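Here's the structure we're looking at; comments come further down.
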Amino acid sequence: MSVLGIETSCDETGVAVYDTRRGLLAHRLFSQIAMHAEYGGVVPELASRDHVRRLWPLIDACLADAGVQRSALTGVAYTAGPGLVGALLVGAAAGRAIAWALDIPAIGVHHMEGHLLAPLLEADPPQPPFVALLVSGGHTQLVLVRRLGDYELLGESLDDAAGEAFDKTAKMMGLAYPGGPVLAGLAEQGRSGAFTFSRPMTDRPGLDFSFSGLKTQVLLAWQHSDHSAQTQADIARGFEDAVADTLRIKCERAMASTGAGVLVVAGGVGANRRLRQALADSAARGGYRLCFPRPEFCTDNGAMIAFAGALRLAAGQRQGSEIQARPRWDMASLPAI
Ligand code: KG4
Ligand code: ZN
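Under the numbering used here, think of the first position of the sequence shown as 2, with each following residue one higher.
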């Protein structure tokens with residue numbers, strides 16, 4: 002099958018063509034970051050309108066890159082949720098319309114399943130069962146993947162997601178939007194141990210997370226500091242160390258409690274170098290395999306949607322002619338593939 006993937010759940014327009022025999026043929030991304038930066042965060046209505054402007058030229062460019070005629074497509078996959086409803090509707094309506102016009106099947110993909118399966122786009126993909134750490138701007142979850150499409154939630158954040166904590170902490174310290182990568186860049190100049198923040202919820206059993214208190218600790222440290230560039234970098238480093246260490250501790254627990262031999266990490270925060278290093282050290286010590294997508298497939302992209310959709314379409318799963326957009330959607334409710 003040759004599947005067109007469309008991602009428009011938030012502030013990135015992503016498009017890709019995945020072929021079930023030949024692999025990923027092309028992918029293109031347009032990021033709206035510059036547009037939202039002026040407002041210090043994503044403005045949903047502006048996001049929807051920009052997806053409308055960008056999507057069709059991006060699809061044409063991606064098909065040209067892939068060397069695939071529109072008429073040669075045999076399936077369409079679009080992000081159906083979770084996400085901003087207006088933004089989702091743009092990709093859903095376009096995807097559904099293309100499928101209708103070409104008389105080919107379409108499927109609405111769960112955005113977090115897209116993230117979760119992104120590591121399988123890399124060489125030597127892991128096979129289930131495995132544990133997945135999903136760390137994005139909206140979600141922080143540990144998931145047991147028994148089979149593809151069969152997901153058990155082991156733990157999740159009770160308040161802010163890890164990416165959200167990065168973004169809010171960065172904003173508090175006056176850093177530019179989007180805060181995650183900016184704060185991570187600043188932390189490179191920071192000294193480890195100059196500021197030590199807590200590792201939330203690691204002092205009790207369980208696999209849930211809480212990151213909102215950490216944000217408050219950073220705020221207090223920042224307010225009572227000399228506001229110098231070095232102090233800012235030191236605080237950024239202390240925050241990043243705390244998040245990476247907390248995620249590592251919970252991953253080790255999940256690996257021990259499930260007995261799984263593979264940990265897969267996905268979502269925007271998965272691009273964080275310190276987290277990748279902390280988990281690599283842990284995997285070496287614990288004797289388990291660690292799999293990441295390449296950094297550009299950690300953050301939102303069309304390739305992960307084309308891939309997840311292709312797996313489901315190839316397994317015969319189809320969606321009716323309705324345009325599906327689900328701002329909230331429980332991943333555990335998905336059918337197995
Ligand atoms: O997966 P993603 O692109 O979008 C969602 O589905 O939410 O994740 C975006 C999140 C943002 O919160 C962003 O600040 C964070 O991932 N992020 C990072 C890094 N790159 C992106 N956080 C920490 N370090 C990074 N290098
Ligand atoms: Zn995402």
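Glycine residues also receive a C-beta, built at the ideal position from the N, C-alpha and C atoms. All of these numbers come straight from a predicted model, not from anything done at the bench.
(request) Pair every Cβ in the region 3–23 with every Cβ in the region 76–87, then say whether three or more of these pairs are closer than 8 Å. (result) Enough Cβ pairs lie closer than 8 Å, so yes.
(message) Please give me, in chain order, every unbroken run of the alpha helix (DSSP H) with length at least 4 that falls completely inside the region 171–242.
(response) Taken in chain order, the complete alpha helix (DSSP H) segments of 4 residues or longer contained in the region 171–242 are 180–188, 213–224.
(message) Can you tell me whether T300 sits near the ligand ZN, meaning its C-beta is under 8 Å from at least one heavy atom of the ligand?
(response) Position 299 of the sequence shown holds residue 300. With a cutoff of 8 Å, T300 counts as near the ligand ZN, since its C-beta is closer than that to a heavy atom of the ligand.
(request) Taking only heavy atoms of the ligand ATP into account, decide whether any of them is closer than 8 Å to the Cβ of G175. (result) As presented, the structure is devoid of the ligand ATP, carrying the ligand KG4 and the ligand ZN as its sole ligands.
(request) Could you give the DSSP three-state label for A107: helix, strand or coil? (result) The residue you call residue 107 lines up with position 106 of the sequence shown. Note: A107 maps to strand in three-state DSSP.
(request) May I have a chain-ordered list of the alpha helix (DSSP H) segments no shorter than 4 residues that lie completely inside the region 98–152? (result) Runs of the alpha helix (DSSP H) lying entirely within the region 98–152, each at least 4 residues long, are 112–118 in chain order.
(message) Is H116 close to the ligand KG4? I mean its beta-carbon at under 8 Å from any heavy atom of the ligand.
(response) What you label residue 116 is simply residue 115 of the sequence shown in a count that begins at 1. Relative to the ligand KG4, the nearest heavy atom lies less than 8 Å away from the CB of H116.
(message) Between F210 and the ligand KG4, is there a pair consisting of the residue's CB and a ligand heavy atom that are separated by less than 8 Å?
(response) For the purposes of this step, residue 210 is taken as residue 209 along the sequence shown, with counting starting at 1. Of the heavy atoms belonging to the ligand KG4, none sits nearer than 8 Å to the Cβ of F210.
(request) Could you spell out where the alpha helix (DSSP H) holding D282 opens and where it closes? (result) Along the sequence shown, read from residue 1 onward, the residue named residue 282 stands at position 281. DSSP places D282 inside the alpha helix (DSSP H), whose first and last residues are 274–287.
(request) Look up A88 in the DSSP assignment and give the residues it is bridged to. (result) To locate residue 88, count along the sequence shown from 1; it is residue 87. BP columns for A88 are empty, so no partner.
(request) With distances taken Cα to Cα, identify the nearest neighbour of L291 among A245, P127, E114. (result) By 1-based counting over the sequence shown, the position of residue 291 is 290. Of A245, P127, E114, the residue nearest in Cα terms is P127.
(message) If distances are taken between C-alpha atoms only, which option among L187, Y289, V270 comes closest to Q231?
(response) Position 230 of the sequence shown, counted from the first residue, corresponds to residue 231. By alpha-carbon distance to Q231, the top candidate from L187, Y289, V270 is L187.
(request) Report yes or no: do three or more beta-carbon pairs, one from the region 196–205 and one from the region 314–332, lie closer than 8 Å? (result) No, because fewer than three Cβ pairs between the region 196–205 and the region 314–332 fall closer than 8 Å, the two stretches do not touch.
(request) Answer yes or no: the CB of S158 versus the heavy atoms of the ligand ZN, is any distance below 8 Å? (result) Residue numbering aside, residue 158 sits at position 157 when the sequence shown is read from its first letter. Flag unset: Cβ of S158 not near the ligand ZN.
(message) Just to confirm before moving on: does the CB-CB distance between A326 and A17 stay below 9 Å?
(response) Counting from one through the sequence shown, the residue named residue 326 turns up at place 325. Counting from one through the sequence shown, the residue named residue 17 turns up at place 16. No, they are not a contact pair.
(message) Let me confirm a value: D242 is counted as buried when at least 16 other C-beta atoms fall within 10 Å, else exposed. Which label applies?
(response) If you number the sequence shown from 1, residue 242 lands on position 241. A residue is called buried once 16 or more other Cβ atoms fall within 10 Å of its Cβ, and D242 is buried on that count.
(message) Assuming E263 is part of the beta strand (DSSP E), what are its boundary residues?
(response) For the purposes of this step, residue 263 is taken as residue 262 along the sequence shown, with counting starting at 1. For the sequence presented, residue 263 should be read as Val rather than Glu. Unbroken beta strand (DSSP E) run through V263: 263–267.
(request) Tell me, to the nearest whole angstrom, how far the beta carbon of P301 is from that of C11; I am working on the premise that it is less than 8 Å. (result) Within the sequence shown, numbered from 1, the residue matching residue 301 stands at position 300. Within the sequence shown, numbered from 1, the residue matching residue 11 stands at position 10. For clarity, residue 301 is Asp in the given sequence; the question names Pro instead. Contact flag correct, Cβ pair sits at about 6 Å.
(request) Report yes or no: do three or more beta-carbon pairs, one from the region 173–186 and one from the region 44–59, lie closer than 8 Å? (result) By the Cβ test, the region 173–186 is not in contact with the region 44–59, since fewer than three Cβ pairs between them sit closer than 8 Å.
(request) Pick helix, strand or coil for E13, following the three-state DSSP scheme. (result) As a position in the sequence shown, residue 13 is number 12, starting the count at 1. Strand, per DSSP.
(request) Confirm the yes/no value for this check: CB of H112, any heavy atom of the ligand ZN, distance under 8 Å. (result) By 1-based counting over the sequence shown, the position of residue 112 is 111. For the ligand ZN, at least one heavy atom lies less than 8 Å from the Cβ of H112.
(request) Using a threshold of 9 Å, state whether the C-beta atoms of G269 and S72 are closer than that. (result) Here residue 269 refers to the residue found at position 268 of the sequence shown. Here residue 72 refers to the residue found at position 71 of the sequence shown. In this structure, G269 keeps its C-beta atom at 9 Å or more from the C-beta atom of S72.
(request) Could you tell me the boundaries of the alpha helix (DSSP H) in which I60 lies? (result) Indexing the sequence shown from 1 puts residue 60 at position 59. Boundaries of the alpha helix (DSSP H) around I60: 45–67.
(message) Excluding the 5 residues flanking M36 on each side, which residues of the same chain have their C-beta closer than 7 Å to its C-beta?
(response) The residue you call residue 36 lines up with position 35 of the sequence shown. Excluding the 5 residues flanking it on each side, M36 has same chain C-beta neighbours closer than 7 Å at L47, D51, in chain order.
(request) Note the first and the last residue of the continuous beta strand (DSSP E) segment covering I7. (result) Taking the first residue of the sequence shown as position 1, residue 7 is located at position 6. Unbroken beta strand (DSSP E) run through I7: 3–8.
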